[in-house]
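Chains as they are written, first to last, in this note's numbering: chain A, 89 to 224; chain B, 89 to 224; chain C, 89 to 224; chain D, 89 to 224; chain E, 89 to 224; chain F, 89 to 224. Even for Gly, the Cβ is constructed at its ideal location relative to N, Cα and C. These numbers were taken from a predicted model, which means no experiment stands behind them. Okay, structure first, notes after.
6 protein chains.
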Amino acid sequence: MATVKLIDYEEAGPEVRAVYDDIMATRKSDWVNNFWKALAVDPALLRRTWESVKQVMAPGALDPLTKEMIYVAVSATNGCGYCINSHTAVARAKGMNDAMLAEVLAVVGMANETNRLVQGFQVELDAVFADGGRKT
Amino acid sequence: MATVKLIDYEEAGPEVRAVYDDIMATRKSDWVNNFWKALAVDPALLRRTWESVKQVMAPGALDPLTKEMIYVAVSATNGCGYCINSHTAVARAKGMNDAMLAEVLAVVGMANETNRLVQGFQVELDAVFADGGRKT
Amino acid sequence: MATVKLIDYEEAGPEVRAVYDDIMATRKSDWVNNFWKALAVDPALLRRTWESVKQVMAPGALDPLTKEMIYVAVSATNGCGYCINSHTAVARAKGMNDAMLAEVLAVVGMANETNRLVQGFQVELDAVFADGGRKT
Amino acid sequence: MATVKLIDYEEAGPEVRAVYDDIMATRKSDWVNNFWKALAVDPALLRRTWESVKQVMAPGALDPLTKEMIYVAVSATNGCGYCINSHTAVARAKGMNDAMLAEVLAVVGMANETNRLVQGFQVELDAVFADGGRKT
Amino acid sequence: MATVKLIDYEEAGPEVRAVYDDIMATRKSDWVNNFWKALAVDPALLRRTWESVKQVMAPGALDPLTKEMIYVAVSATNGCGYCINSHTAVARAKGMNDAMLAEVLAVVGMANETNRLVQGFQVELDAVFADGGRKT
Amino acid sequence: MATVKLIDYEEAGPEVRAVYDDIMATRKSDWVNNFWKALAVDPALLRRTWESVKQVMAPGALDPLTKEMIYVAVSATNGCGYCINSHTAVARAKGMNDAMLAEVLAVVGMANETNRLVQGFQVELDAVFADGGRKT
Numbered sequence: 089m090a091t092v093k094l095i096d097y098e099e100a101g102p103e104v105r106a107v108y109d110d111i112m113a114t115r116k117s118d119w120v121n122n123f124w125k126a127l128a129v130d131p132a133l134l135r136r137t138w139e140s141v142k143q144v145m146a147p148g149a150l151d152p153l154t155k156e157m158i159y160v161a162v163s164a165t166n167g168c169g170y171c172i173n174s175h176t177a178v179a180r181a182k183g184m185n186d187a188m189l190a191e192v193l194a195v196v197g198m199a200n201e202t203n204r205l206v207q208g209f210q211v212e213l214d215a216v217f218a219d220g221g222r223k224t
Numbered sequence: 089m090a091t092v093k094l095i096d097y098e099e100a101g102p103e104v105r106a107v108y109d110d111i112m113a114t115r116k117s118d119w120v121n122n123f124w125k126a127l128a129v130d131p132a133l134l135r136r137t138w139e140s141v142k143q144v145m146a147p148g149a150l151d152p153l154t155k156e157m158i159y160v161a162v163s164a165t166n167g168c169g170y171c172i173n174s175h176t177a178v179a180r181a182k183g184m185n186d187a188m189l190a191e192v193l194a195v196v197g198m199a200n201e202t203n204r205l206v207q208g209f210q211v212e213l214d215a216v217f218a219d220g221g222r223k224t
Numbered sequence: 089m090a091t092v093k094l095i096d097y098e099e100a101g102p103e104v105r106a107v108y109d110d111i112m113a114t115r116k117s118d119w120v121n122n123f124w125k126a127l128a129v130d131p132a133l134l135r136r137t138w139e140s141v142k143q144v145m146a147p148g149a150l151d152p153l154t155k156e157m158i159y160v161a162v163s164a165t166n167g168c169g170y171c172i173n174s175h176t177a178v179a180r181a182k183g184m185n186d187a188m189l190a191e192v193l194a195v196v197g198m199a200n201e202t203n204r205l206v207q208g209f210q211v212e213l214d215a216v217f218a219d220g221g222r223k224t
Numbered sequence: 089m090a091t092v093k094l095i096d097y098e099e100a101g102p103e104v105r106a107v108y109d110d111i112m113a114t115r116k117s118d119w120v121n122n123f124w125k126a127l128a129v130d131p132a133l134l135r136r137t138w139e140s141v142k143q144v145m146a147p148g149a150l151d152p153l154t155k156e157m158i159y160v161a162v163s164a165t166n167g168c169g170y171c172i173n174s175h176t177a178v179a180r181a182k183g184m185n186d187a188m189l190a191e192v193l194a195v196v197g198m199a200n201e202t203n204r205l206v207q208g209f210q211v212e213l214d215a216v217f218a219d220g221g222r223k224t
Numbered sequence: 089m090a091t092v093k094l095i096d097y098e099e100a101g102p103e104v105r106a107v108y109d110d111i112m113a114t115r116k117s118d119w120v121n122n123f124w125k126a127l128a129v130d131p132a133l134l135r136r137t138w139e140s141v142k143q144v145m146a147p148g149a150l151d152p153l154t155k156e157m158i159y160v161a162v163s164a165t166n167g168c169g170y171c172i173n174s175h176t177a178v179a180r181a182k183g184m185n186d187a188m189l190a191e192v193l194a195v196v197g198m199a200n201e202t203n204r205l206v207q208g209f210q211v212e213l214d215a216v217f218a219d220g221g222r223k224t
Numbered sequence: 089m090a091t092v093k094l095i096d097y098e099e100a101g102p103e104v105r106a107v108y109d110d111i112m113a114t115r116k117s118d119w120v121n122n123f124w125k126a127l128a129v130d131p132a133l134l135r136r137t138w139e140s141v142k143q144v145m146a147p148g149a150l151d152p153l154t155k156e157m158i159y160v161a162v163s164a165t166n167g168c169g170y171c172i173n174s175h176t177a178v179a180r181a182k183g184m185n186d187a188m189l190a191e192v193l194a195v196v197g198m199a200n201e202t203n204r205l206v207q208g209f210q211v212e213l214d215a216v217f218a219d220g221g222r223k224t
């Protein structure tokens, strides 16, 4: 169980309830997952994190499904079980099927393998890749 | 510089040249980057890694640009400078602009932040997220 | 369960018992936690690790509570559940309350986020920060 | 060099300048470091990250120096050179001396060592440490 | 449980069965572990990963037991419970005893400690270690 | 450059000189590498770390070359450039050739890939691998 008490809506103060209400309204759902109930131990942390996640995951230059798949990729690299399960579930709800998940993780596996080969051999950067290929 | 000698085409044996030729043919380019020249110290490692990368990064359930952005996301999480620069360059060549790169990294940053909050508070998984939301 | 047999006091040899005795005397407690019972598979590893932990976590230029909070911060970054729970418990026993824990993890989350933004964008170091600001 | 163009004050638009102005006012300084100049490629990312850092690093249940030392500890664990140098410099400016830095890193080293020993031996959690020692 | 359905031999198609058959023949065993049953969601991923693992873990310049111990060392550093348990079990079957496991993990712990001390202090490389000591 | 002043033999106090002398005597060399010169900022940290490294890397159930290769494997996984270069150089001095280095890193790459596939799919442990295959 969590190292802080999870705070349910009923026992939450007005600051926390306001965030929970916005989470549910934004997601068109009637519940809040445990992550937010743990952050509620610190209402400022809860609000800041939710506002950030809401802003970052909104449609922009990338669509929300691509963003969720990147979230899964990072969480798999970090080995965070809660994060992998919850973001895989959200990505599925947004349209990711088994074939797409398998390809996300195939890239994750390959990137983790080649990252360590590059580092292990201490390969120096090719001049053409300097600055990540920007031309400005 | 690398911890093994980088092997140029001119000094490479036939096994290594065959892989280099396939890399250049696949990419429609006339050069091979340093990563492959380091792996060439072990021709079997070179061939296996190239065959895997070629297969994983080919179009499939996900398009090649999405795959490159996931590669960048993992490499940023692992802090591999060569990998970040080279895959950012390739992603740019495939159509990623500054706005898309900034959103990739914004998601990477947010996922790394929330991964550690989840782990730091040891949040238990909500039942609805079990098995990553699969229904089978 | 652990990949080696945990060794209880009763079945331990004299080398292991001597370390267990010192752990209990130092902590003014009457038991030894599982971490040490696993290390006891190799008495030299047990002794060396305990002597190091005892030395590092003792009061010095930093107070013991600050050291425990840094331990929690690193363990959260590494996602080690045992380590997070045990060092959070010890930090609580030394005076860390929920508000302090939330701030520790807020910093951990922020550092993990900005570490990846810096790496993802490959930001070059400002001259003024060279050598970590030392003036010698 | 960075994978995006660093944006100086002179060439920045009003959204970016407003954040730069707040950074300088908050820090009572007359310059902005490269990290923010990279984030400026995406003004929303710049603003959100700065607002978060400002909030998280402000005095609260923990003092600003303790927070900076935790930032250094996480950055050392992640191996982010820019982050280590810049936050070490800021921590020094807030009062951290060599002896304190050495103790921060001694704890970081010890935590990274024991985290991996715990994981490598797959040690099961002692019941007394469940929930990080909370009593609620 | 896994985020994809594990595929048993009975329900597998011919591509998957062919890989399962080769796994069992290579290992002289009559079952396949869950890792492969998860990868079977994507037969190309399954085949590629198995062919790679078979090639990498075969006897070569290093013997198979040394390779398994390196696998355990990396898995302990990454905190992957499944990987630690399964590769520890395989290493034991190949001759690793408790004393050897303890030394593997002692080196893993020490390397993780000193890696972070080096990074935390940002130690510059001695000239004699450039290129990992190669003389070519 | 390092975030603390590197301390040369000539300017070191007697505690530090005693450790430097032991390093040189143990290694039968006439110099000390930068890592130790950074740790010398805290003589207790220097002594403790050196005593631990000397003990851990000595011949035991594993030979010193195998231990060095495990050190390289962990350092490659963590991306510590100093550590990779220095331990690769030491391993070469102890007999590791290019073919062996390539196999070490091939295993490191494969382990990092499959670690993330296991975590990404959240594969549950097979009963036979429980406790890492120990029978006690």
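Taking only three categories from DSSP, how would you classify residue i?
i         : result
Arg78(E)  : Summary: the structure shown does not reach residue 78(E), with chain E confined to residues 89 through 224, and so no result is reported for it.
Arg105(B) : helix
Asp219(F) : helix
Leu193(E) : helix
Ala187(C) : helix
Glu99(E)  : helix
Ala199(B) : helix
Have a look at the options and flag the residue whose alpha-carbon is nearest the alpha-carbon of residue i.
i         : options                                       : result
Val195(B) : Pro102(A), Thr91(A) and Leu153(A)             : Leu153(A)
Val192(C) : Arg115(D), Trp124(D) and Val162(D)            : Val162(D)
Glu99(E)  : Gly197(E), Arg115(E), Thr202(E) and Lys125(E) : Lys125(E)
Ala146(D) : Leu133(A), Asn173(A), Met145(A) and Ala179(A) : Leu133(A)
Gly183(B) : Leu150(A), Val120(A) and Ile172(A)            : Leu150(A)
Arg204(A) : Asp118(F), Ala179(F), Ile111(F) and Gly169(F) : Gly169(F)
Lys223(B) : Thr202(A), Asn121(A), Tyr108(A) and Ala181(A) : Ala181(A)
Gln143(D) : Thr114(C), Ala177(C) and Met198(C)            : Met198(C)
Asp118(A) : Tyr97(A), Ala164(A) and Gly148(A)             : Tyr97(A)
Ser87(D)  : Asn173(C), Ser174(C), Val206(C) and Val178(C) : Residue 87(D) is absent from the model: chain D starts at 89 and stops at 224.
Cys171(F) : Asn200(E), Thr165(E), Asn166(E) and Ala177(E) : Asn200(E)
Val178(C) : Arg115(C), Arg135(C), Gly167(C) and Gly148(C) : Arg115(C)
Could you list the residues in the segment 203 to 223 of chain D with a C-beta less than 9 Å from some C-beta on chain B, going in chain order? Taking 9 Å as the Cβ-Cβ cut-off against chain B, the residues of the segment 203 to 223 of chain D that qualify are Asp219 and Gly220.
Within 8 Å of chain F by C-beta, residues of the segment 157 to 183 of chain D in sequence order: Per Cβ criterion, the list reads Gly167, Ile172, Asn173 and Thr176.
Suppose only complete runs of 4+ residues qualify. What are the alpha helix (DSSP H) ranges in the segment 108 to 185 of chain B, listed by chain order? As for any alpha helix (DSSP H) of minimum length 4 sitting wholly inside the segment 108 to 185 of chain B, the runs are 122 to 127, 131 to 145, 152 to 166 and 169 to 181, ordered along the chain.
Meets three-Cβ-pair contact criterion under 8 Å: the segment 182 to 198 of chain D and the segment 122 to 130 of chain F: At 8 Å Cβ cutoff, the stretches touch.
Okay, do the segment 146 to 160 of chain F and the segment 208 to 218 of chain E touch, 3+ Cβ pairs below 8 Å being the bar? Pairwise C-beta distances place the segment 146 to 160 of chain F out of contact with the segment 208 to 218 of chain E, as fewer than three of them are shorter than 8 Å.
Counting only Cβ-Cβ distances shorter than 9 Å, please list the residues of the segment 185 to 196 of chain B near chain D, keeping chain order. Listed by position, the residues of the segment 185 to 196 of chain B near chain D (Cβ gap below 9 Å) are Asp186, Ala187, Leu189, Ala190, Glu191, Leu193 and Ala194.
Could you name the residues of the segment 101 to 126 of chain E whose beta carbon sits closer than 7 Å to any beta carbon of chain F, in the order they occur along the chain? Within the segment 101 to 126 of chain E, the qualifying residues are Asn121, Asn122, Phe123 and Ala126.
For the 8 Å Cβ check, are there 3 or more pairs between the segment 203 to 211 of chain A and the segment 89 to 103 of chain B? By the criterion of at least three beta-carbon pairs nearer than 8 Å, the segment 203 to 211 of chain A is in contact with the segment 89 to 103 of chain B.
Taking one C-beta from the segment 134 to 144 of chain B and one from the segment 136 to 144 of chain E each time, how about it: are there three or more such pairs within less than 8 Å? Touching, yes.
Determine which residues of the segment 124 to 152 of chain B have a Cβ less than 9 Å from any Cβ of chain A, and write them out in chain order. Sequence-ordered contacts of the segment 124 to 152 of chain B with chain A read Lys125, Ala126, Leu127, Val129, Leu133, Thr137, Ser140, Val141, Gln143, Val144, Met145, Gly148, Ala149 and Leu150 [C-beta pairs closer than 9 Å].
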